[in-house]
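Everything below concerns the one structure shown next.
Numbering (my numbering), first residue to last: 299 to 449.
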């Protein structure tokens, strides 16, 4: 199989997987008052081990700064996120989850994890490891290529 035909196969696989996961995600998020971008933002803020700036959030989610600002504005209006001014630099805005935001993203992530467990349970344990290792390698390589193209 040539590199070109492998790239075409990867494209088809990613489109199909993306469609399947987006459909499931829409089904899950319809029960909550957040969009996909808002959900991703909540998840990133939950995982962060430090105060997150607007620029960090935009970079992590591959959004423009203005796009990230719109997402955060909505999350603040809904009571899931608060903006704090950095003590060392008043121009820097840091983002924190509220208790309501933490509870929401934990409920959503729990549902997503249960769905992914159903998928993984259908695979042989050895194949699960292969799938996860392959996805890690693909993610890492895609991020490297993205950074090199962006420069």
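For glycine and all other residues, C-beta sits at the position ideal for the given N, C-alpha and C.
DSSP bridge partner residues for residue i (one or two, in chain order)
i	result
residue 393	350 and 381
Closer than 9 angstroms to chain B by CB, residue i
i	result
residue 318	This model lacks chain B altogether, as it is built from one protein chain only.
Beta-carbon proximity of residue i to residue j, cut-off 9 angstroms
i	j	result
residue 361	residue 369	yes
residue 409	residue 326	yes
residue 412	residue 344	no
Inter-residue CB distance, residue i and residue j (contact presumed, cutoff 8 angstroms)
i	j	result
residue 342	residue 322	Not really, about 20 angstroms apart at Cβ, beyond 8 angstroms.
residue 426	residue 433	About 11 angstroms; that fails the 8 angstroms criterion.
Closest residue to residue i among the options (Cα-Cα distance)
i	options	result
residue 333	416, 439, 373 and 398	373
residue 399	306, 324 and 330	330
residue 437	422, 312 and 306	312
The segment 394-404 / the segment 360-379 touching (three or more Cβ pairs under 8 angstroms): yes
Segment contact, 8 angstroms Cβ cut-off, at least three pairs: the segment 339-357 with the segment 310-325: no
At least 3 beta-carbon pairs within less than 8 angstroms: the segment 335-342 vs the segment 395-412: yes
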